[in-house]
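These protein sequence lines are chains A and B, in that order. Each residue of the first sequence is one higher than the last, beginning at 2 in my numbering. Each residue of the second sequence is one higher than the last, beginning at -13 in my numbering. Ideal placement from N, C-alpha and C gives every residue a C-beta, glycine not left out. For clarity, every value in this text was computed on a predicted model and none was experimentally measured. Working notes for the structure below.
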Amino acid sequence: MKLGKYEMEIKKRSKELTFQETIQIRILSVLMGLAAVALIFLAYGHNPLVLYFDVFFYAFFTVFGLLSTLSRFIPLVLIAIGLSVPFRAKIDNIGAEGQFLIGTVAASGVALFYGEGANPFVVIPVMFLAGFLAGALWALPIAIFRVKSQFKGSDVVISFLLFFPAKFLIDYLITGPWRDPEGWGFPQSPLFPESTQIFAFPGTRVHLTIFLGLAAAFLIYYFLTREKKGIPETKLGYEINVLGENPEAGEAAGMSFLKIAIITVLISGGLAGLAGVGEVAGNPNFYRLRPELSRFLGFTGIAVAWLGGLNPIGIIISSLFFAGLLAGGIRIQVSGLPVSVVDLFNGSLLFFVLVAEFFIRNKIEWRTVS
Amino acid sequence: MTPYLYYCRILLKYLANAKNGEEKMNGSKFYAIVLLGIIIGAGIGFGAGWLMAGTPIAGPDGEMPTLKAGFIYVGPIGDFGWTHAHDVGRVYIDDKYDWLDTVYVESVDPADAGEQIDYLVNVEGCDVIFTTSFPYMDATIAAGERHNDTIFFHCSGYLRSDNVGTYFNDFYQLYYLNGLMAGALTQTGKLGYVAAFPIPELIRHINAFAIGANEVNASVTTDVRWMNTDWFDPTTATNAANELLSTGVDMLAFTEDSSAVPLVANSTDDVYVFSHYSPMQLFAPSSTISGQLVHWDIMYEDIIQKVYLGQFNSTNLADVDYLWLLQEKACELGGDFGVPINPIFIPALQAIMHTDPVLGTISVYDLVMARLNQMSMANIIYEPFTGPMDFKNGTEWLTTGESADIYTLLGMTWFVDGVIGTIPT
């Protein structure tokens, strides 16, 4: 492509970047995202630096802000950790939102029909199990389509489209069989019995599921991503990496892509389902099945997973970062900017994060045309 | 701007690793660029802030006690419907009273409502919180327990507590009046209603619309299309309206927060519409017959004055339920403020005669005005939901002369006779 007296060419990087270099590119792209949004703040007559300071100070250094950051961190980290697993095997599960919603449905079913008077130490684990199984089941077709179907990108299509049946199932349940008989006809399920409400720290929206998220991060690290000199230490982790790089080579070496695909999407769907259980039964704003459960955290989780470099520790940090952005958005709003600017702010950063992936794999060469 | 662009170019160049093809990143160069960026950015930022800083707003008189009110909105304030109308009310009281300061948060997800309420109370220091949508009900009640000294008002809910009151402005009388006009003016005998969600409020309004239409023309039917997507969804609303038109409908009423349905009517001949919530007549000047308008300003003023004077405090709100209708003047008939019926349609309405058992033979125009008057009086002498009235399946609901009480209407989940279409169950 020619630009004035320069010529631009996009080339694949010939050698893998080191961990440090990829981190640098990611941080730079986030900074560029902030710079791009700064232009919009300037156009509205606000000082972007003051706003950014305000957003981050509120999200991480005030008690209220930090608590609301953490409450968003919980579902985000579970979803993103889960997504990182199939992403490593180059299986694009972009439908975590659907798996998340199915998890909420499964948990609600258990809570509404078996929750009354049950022992919380029994029923809550059962809810998590149901959520995990439902989310995993919802994700299963992705693996089959990815491996067996003849066209590229079928995993993207099927995972995205499975979001809609999940959403409509919730709509059907809360306007139909599960509608709250005492809810004056409004579309929502009855309140969950107290025994099924996951313990939240008093006065906050931070519930015990946060430990589940951290445990999931550790387990994924220990069983899948633990590396020694760049080579995963576990057999499963190794097979995921090899098949992700080159399925044909892996199959020739006796690995089964279908098996790995199924394992990875089951993990990702299951963790998204767990996030759904935590959100519907742990977040004190819910405790009932409602249409507003779908807040597209499943889609945000995609960028979170990539920003974290598909690495559990990186994902914990990037989840905190995005949770902080979501929570800190309120500071932008109360400064008098319209809410669409907050969406633009979050959206632009997601975009720049994904652009970073492009720069990690490719480079742009400039030449002066003589 | 120039140094800023220069900085971006350095970054780009750096990312691209320039023309010498050098793959290895130089750590100190990287940090130098970041540092340089921060310095330049800070310079631009503070410079811009310096230039753009306006004159500080004069604070209220120090002698006067002040009040800060926080509003939680469900949609964007530019929706030209529900949230816009609430914000008009907020701006009105904010401008009118020196002792009042307001702050709002838009497009609040009901899942975040509790958090945003805590934010408004703890960080912004609000004394009164208005939560302006039904899904915030549980969060508002819970917040009331957390913040004992704060006063809460929740719009359209049914739960109250010592420091949580409720308020609502209902339109069913207006829909009934709209129905009278629609029933008189329809050529095909088919009316259509585009409805966002199957909740009691909308069911009540659809029924009122059908009751009005059937009063002047017993053979008229009202068909309903549920959107079930969003309160603001122009695309679905447009599709639903077109679907109704294809069945022969020529009068459209709706409950959705965009101007989609008036625009459909405006672009189709011989199809007429009743504007909803905001003055939407301007979108369909020759197709809008009338409509419903809201005045949250009047209600907010009443509430905030009573709070300021101490009549409402954080212990006595358990029975405070504002349910205002026409008589409190918090809603208005028409597609534009001060225009109850579009003048284009007045001659036609005056030409259609109707025989009423009490009012005798009068024109539909006079009937609408008489009913408006009857329902606007301090002592309401006309109730649209008065028997004899049947359920949709034909069994009797109200006997002759019996009127439905407001609590029955608030929990309405059934259609009356004359409405075709079903309520999702």
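Could you check the C-alpha separation between residue i and residue j for me, to the nearest Å?
i: residue 11 of chain A; j: residue 337 of chain A; result: 41 Å
i: residue 331 of chain B; j: residue 272 of chain B; result: 9 Å
i: residue 322 of chain A; j: residue 315 of chain A; result: 10 Å
i: residue 280 of chain A; j: residue 215 of chain A; result: 16 Å
i: residue 144 of chain A; j: residue 126 of chain A; result: 27 Å
i: residue 136 of chain A; j: residue 210 of chain A; result: 16 Å
i: residue 320 of chain B; j: residue 261 of chain B; result: 7 Å
i: residue 258 of chain A; j: residue 141 of chain A; result: 14 Å
i: residue 77 of chain A; j: residue 396 of chain B; result: 39 Å
i: residue 45 of chain B; j: residue 85 of chain B; result: Only weak support exists for where residue 45 of chain B lies, its pLDDT of 47 falling under 50; the coordinates are left without a value.
i: residue 125 of chain B; j: residue 100 of chain B; result: 5 Å
i: residue 198 of chain B; j: residue 179 of chain A; result: 34 Å
Looking at residue i: is its Cβ nearer than 8 Å to the Cβ of residue j?
i: residue 210 of chain B; j: residue 172 of chain B; result: no
i: residue 326 of chain B; j: residue 358 of chain B; result: yes
i: residue 277 of chain B; j: residue 266 of chain B; result: yes
i: residue 118 of chain B; j: residue 79 of chain B; result: no
i: residue 90 of chain A; j: residue 262 of chain A; result: yes
i: residue 185 of chain B; j: residue 169 of chain A; result: no
i: residue 113 of chain B; j: residue 88 of chain B; result: no
i: residue 93 of chain A; j: residue 160 of chain A; result: yes
i: residue 120 of chain B; j: residue 289 of chain B; result: no
i: residue 107 of chain A; j: residue 193 of chain A; result: no
Would you say residue i reaches chain A, if we count a Cβ-Cβ gap shorter than 8 Å as a contact?
i: residue 307 of chain B; result: no
i: residue 79 of chain B; result: no
i: residue 348 of chain B; result: no
i: residue 220 of chain B; result: no
i: residue 157 of chain B; result: no
i: residue 104 of chain B; result: yes
i: residue 74 of chain B; result: no
i: residue 67 of chain B; result: no
i: residue 111 of chain B; result: no
i: residue 401 of chain B; result: no
i: residue 151 of chain B; result: no
i: residue 379 of chain B; result: no
i: residue 243 of chain B; result: no
i: residue 234 of chain B; result: no
i: residue 23 of chain B; result: yes
DSSP three-state label for residue i, please.
i: residue 314 of chain B; result: helix
i: residue 298 of chain B; result: coil
i: residue 64 of chain A; result: helix
i: residue 147 of chain B; result: strand
i: residue 90 of chain B; result: strand
i: residue 185 of chain B; result: coil
i: residue 306 of chain B; result: coil
i: residue 15 of chain A; result: coil
i: residue 82 of chain B; result: helix
i: residue 91 of chain A; result: coil
i: residue 346 of chain B; result: strand
i: residue 174 of chain A; result: helix
i: residue 298 of chain A; result: helix
Residue i CB to nearest chain B CB: under 8 Å?
i: residue 204 of chain A; result: yes
i: residue 347 of chain A; result: no
i: residue 188 of chain A; result: yes
i: residue 151 of chain A; result: no
i: residue 176 of chain A; result: yes
i: residue 285 of chain A; result: yes
i: residue 293 of chain A; result: yes
i: residue 129 of chain A; result: no
i: residue 69 of chain A; result: yes
i: residue 340 of chain A; result: yes
i: residue 32 of chain A; result: yes
i: residue 326 of chain A; result: no
According to DSSP, what are the bridge partners of residue i?
i: residue 57 of chain B; result: B/90, B/116
i: residue 368 of chain A; result: A/8
i: residue 382 of chain B; result: B/376
i: residue 261 of chain B; result: B/277
i: residue 229 of chain A; result: A/232
i: residue 211 of chain B; result: B/180
i: residue 152 of chain B; result: B/140, B/307
Which chain C residues are close to residue i, counting only those with a beta carbon under 9 Å from its beta carbon?
i: residue 134 of chain B; result: Absent from the structure: chain C. Protein chains present are A and B.
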